[in-house]
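Residue numbers (this note's numbering): 3 to 181. Single-structure report; data block below.
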Amino acid sequence: VGDGTLEVMDETGKLGRVIFARLEPGEDLYEAVLDIVESEGIDSGVILDMTGAATRLRVQLPVAATAGGRPATVLEVEGLTEILGSGIIGRVEEDFVSGDGAVQYHAGKPYAHIHVSATVNGETHTGHLVKGTLVRSVIPESHFTIAIAEVEGVHLALRVNSDASKDYPAGIPYHALTA
3 VGDGTLEVMD ETGKLGRVIF ARLEPGEDLY EAVLDIVESE GIDSGVILDM
53 TGAATRLRVQ LPVAATAGGR PATVLEVEGL TEILGSGIIG RVEEDFVSGD
103 GAVQYHAGKP YAHIHVSATV NGETHTGHLV KGTLVRSVIP ESHFTIAIAE
153 VEGVHLALRV NSDASKDYPA GIPYHALTA
């Protein structure tokens, strides 16, 4: 990849089990996904859908509208939030902590790269879900539901590119896919 060529991820897997989970009011959305993945023993998968309401939204967004090496910033908004999201699931191969500490991955643990679109206070935000988005429900049983599919025959891993910079002092995390 350092020679200017693009590494293409191209492996074929098969959808396995599909797990549906209803989250509890007050539960952290990102941590709930990781808990489900860990308890179900999923190594690689996809988040087919996550739909529900939250009381707080936390997403990581680009700092600038132009392409470049600058890392993202975290947006946190309080208030009734409607969320729709999807993403990928894999295993962490190398520890990583972002420069601001907002994103942390630990070797051997599952990780999820989740993008959400959420409307809160009349504005819609789209970004990378991080810890701190809290499930909302007006009744004891939340309607926030997640559908996660296990993918068999491929291995999705989070690795860290060792090319550290001022903006990415710990290197840049990326997804590696193998059969």
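Backbone N, C-alpha and C fix where the C-beta goes; we use that ideal spot for every residue, glycine too.
Of the residues R19, L31 and I174, the one placed nearest A114, counting alpha carbons only: Distance from the Cα of A114 is smallest, within the candidate group R19, L31 and I174, for L31.
message: Can you tell me whether I49 is helix, strand or coil according to DSSP?
response: Taken through DSSP and simplified to helix, strand or coil, I49 comes out as strand.
field: Best match in K16, A23 and E13 for proximity to S144 [C-alpha to C-alpha]
entry: With distances taken between Cα atoms, S144 lies closest to A23.
message: Can you confirm whether the stretch 115 to 129 touches the stretch 79 to 95 when touching is taken to mean that 3 or more C-beta pairs between the two stretches lie within less than 8 angstroms?
response: The stretch 79 to 95, when compared against the stretch 115 to 129, does touch it at the 8 angstroms Cβ threshold.
query: In its own chain, which residues sit with a C-beta less than 8 angstroms from the C-beta of H108, not counting the 5 before and 5 after it?
result: If we look at H108 and ignore the five residues flanking it on each side, its Cβ neighbours are V94 and D97.
message: For A151, list the residues DSSP reports as bridge partners.
response: Answer is V20 and V48.
message: Using 8 angstroms as the threshold, is the C-beta distance between V153 and V48 below it?
response: Between V153 and V48, the C-beta gap is smaller than 8 angstroms, which places the two residues in contact.
- prompt: Roughly how many angstroms lie between the CA atoms of S100 and V162, to the nearest whole one?
  reply: In a straight line, the C-alpha of S100 is about 11 angstroms away from that of V162.
- request: Excluding the 5 residues preceding and the 5 following A159 in the sequence, name in chain order all residues of the same chain whose CB lies nearer than 6 angstroms to its CB.
  value: If we look at A159 and ignore the five residues flanking it on each side, its Cβ neighbours are G92, R93, E95 and A178.
- request: Using three-state DSSP, classify I85 as helix, strand or coil.
  value: Under the three-state reduction of DSSP, I85 is assigned to strand.
query: Among residues of its own chain, excluding the 5 on either side of L86, which ones have a beta-carbon nearer than 8 angstroms to its beta-carbon?
result: Around L86: D51, M52, T53, V118, S119 and A120.
field: Continuous beta strand (DSSP E) stretch holding I38: start and end
entry: Looking at the DSSP string, I38 is not in any beta strand (DSSP E); the run it does join, the alpha helix (DSSP H), is L31 to E42.
Simplified DSSP assignment, three categories, for I141: Per DSSP, reduced to three states, the secondary structure at I141 is coil, with no helix or strand assignment.
task: Determine the direct distance from the alpha carbon of A74 to that of D165, and round the result to whole angstroms.
output: One Cα belongs to D165, the other to A74, and the distance between them is close to 17 angstroms.
task: Leaving out five residues on either side along the sequence, give the residues of the same chain with a beta carbon under 7 angstroms from the beta carbon of Y176.
output: The beta carbon of Y176 sits closer than 7 angstroms to those of R161 and N163, all from its chain and outside the five residues before and after it, given in chain order.
task: Would you check if the distance between the CB atom of F146 and the CB atom of L59 is smaller than 8 angstroms?
output: No, Cβ-Cβ distance for F146 and L59 is not below 8 angstroms.
- prompt: Any idea if V20 is buried or exposed, counting beta-carbon neighbours within 10 angstroms, 16 or more meaning buried?
  reply: Residue burial is scored here from C-beta neighbours: V20 has fewer than 16 other C-beta atoms within 10 angstroms and is therefore classed as exposed.
message: Between I116 and V35, how many whole angstroms is the CB-CB distance? I'm expecting something under 8 angstroms.
response: So it is a contact: roughly 7 angstroms between Cβ atoms.
- request: Measure the C-alpha to C-alpha separation of G15 and I44 and round it to an integer number of angstroms.
  value: Per the coordinates, the alpha-carbon of G15 lies some 14 angstroms from the alpha-carbon of I44.
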